[in-house]
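*Asks:*
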Ligand code: C2E
Ligand code: CA
Ligand code: CA
Ligand code: CA
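Numbering (our numbering), first residue to last: 13 to 287.
1. Are the beta-carbon atoms belonging to residue 194 and residue 231 less than 7 Å from one another?
2. Tell me the DSSP bridge mates of residue 70?
3. Might you give, ordered along the chain, the residues of its own chain that have their beta carbon closer than 7 Å to the beta carbon of residue 277, omitting 5 neighbours on each side?
4. Quick check: the stretch 41-56 against the stretch 229-248, are there 3 or more CB pairs under 8 Å?
5. Apply the 10 Å Cβ neighbour rule to residue 216 and answer buried if 16 or more other Cβ atoms are within range, or exposed otherwise.
6. Go ahead and pull the three-state DSSP assignment for residue 270.
7. Just to confirm before moving on: does the CB-CB distance between residue 157 and residue 182 stay below 7 Å?
8. In angstroms, rounded to a whole number, what distance separates the CA positions of residue 218 and residue 224?
9. Do residue 264 and residue 53 have their CB atoms nearer than 7 Å?
10. Beta carbon of residue 51, beta carbon of residue 73: below 7 Å?
11. For residue 70, count neighbouring C-beta atoms within 10 Å of its own C-beta (all shown protein chains included) and say buried if the count is 16 or more, exposed if not.
12. Taking DSSP's pairing of strands, which residues face residue 262 in a bridge?
13. Do residue 139 and residue 178 count as a contact pair if the criterion is CB distance below 7 Å?
14. Check residue 80 in the structure and name its three-state DSSP category.
15. Give the straight-line distance between the Cα atoms of residue 14 and residue 75, rounded to the nearest whole angstrom.
16. Which residues, in chain order, sit with a beta-carbon under 6 Å away from any heavy atom of ligand 3?
17. Based on the DSSP secondary-structure assignment, which residues constitute the bridge partners of residue 210?
18. Alpha carbon to alpha carbon, how far is residue 180 from residue 123?
19. Is it true that the CB of residue 210 sits closer than 7 Å to the CB of residue 191?
20. Can you determine whether any heavy atom of ligand 2 sits closer than 6 Å to the C-beta of residue 159, and answer yes or no?
21. Is residue 147 helix, strand or coil by DSSP?
22. Given 8 Å as the limit, is there contact between the stretch 110-120 and the stretch 135-154, that is, 3 or more CB pairs closer than that?
23. Would you kindly check if the distance between the Cβ of residue 133 and the Cβ of residue 172 is under 7 Å?
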């Protein structure tokens, strides 16, 4: 038994070292990728399922290292821990700004959501970076929506709030991402300048089994607070129908469209969205 115990410890250590060394290698590679501007932005449409038209996009970072796509959750966490997220975030704004300027020629109402991390509030002048972006690409503030996760708010509300308020003052809108996973109180949400709640995918999936208790409660909270609602990760027709019945018609998910590069998005828009 003793010997087996020892082997298990050894096996664990090797595994742990693998994880650490992968992370270190990825950190170095990410630094180079950012210097070379190698990260891409893919866009996932957000649909008004009642009207059948696109209302916006979410910008999602993509990193291809040799032939492998590194999952965003993995490289974003490395970028956050190492402080590179500020640089990554600036590149996201720049790419999104350029894409929107072009897309809004044919789709003047189109807006795009950008995901933000806490360190971008801490380590940089976020208001300045974002305003520089919209000025460079001649966009109105309403063309950019900013997503913050509920867990970020739960951890650092007082730190984030002043910058949020300054951005709201400039006309930017905020979406509360992963809503329902962070146990925010209604009272707290009332005092935060969010315009939209994004219902986390974990509450959408149970709709397949006809379990709509949670999603119904969340939709009611959103209504109570006078906010827009977007359901995320919608993959099936059943989910779409139930969300519409429950009063949530803004939908993002593989059922309508996957995240895609700008070239593909242009084709998707041209074939699905009558101008
Ligand atoms: P998120 O903001 O919650 O983004 C939604 C995730 O759900 C995306 O994963 C998207 O591809 C995926 N998704 C969309 N529709 C469906 C669906 O119908 N089914 C399923 N199973 N999944 C769906 P992705 O692209 O892997 O991004 C993961 C997370 O990485 C994002 O979660 C976001 O928190 C973070 N992230 C991505 N890009 C950026 C970025 O530029 N900056 C920051 N700070 N975070 C980012
Ligand atoms: Ca998001
Ligand atoms: Ca989300
Ligand atoms: Ca998420």
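No residue lacks a Cβ here, since even glycine has one placed at the ideal position from N, Cα and C.
Source: prediction; values computed, not measured.
*Replies:* Once the coordinates are examined:
1. no
2. 56 and 125
3. 55
4. no
5. Buried is the call here.
6. Here residue 270 sits in coil by DSSP.
7. Note that the C-beta distance between residue 157 and residue 182 is not below 7 Å.
8. 7 Å
9. no
10. yes
11. buried
12. 60 and 242
13. yes
14. strand
15. The predicted position of residue 14 is uncertain, since its pLDDT is 47 and thus under 50; a value taken from the coordinates is nonetheless stated next. Cα-Cα distance, rounded: 44 Å.
16. Checking every Cβ against the heavy atoms of ligand 3 under 6 Å gives 189, 190, 210 and 244.
17. 242
18. Approximately 16 Å between the Cα atoms of the pair.
19. Remark: C-beta atoms of residue 191 and residue 210 approach each other more closely than 7 Å.
20. yes
21. helix
22. Yes, they touch.
23. yes
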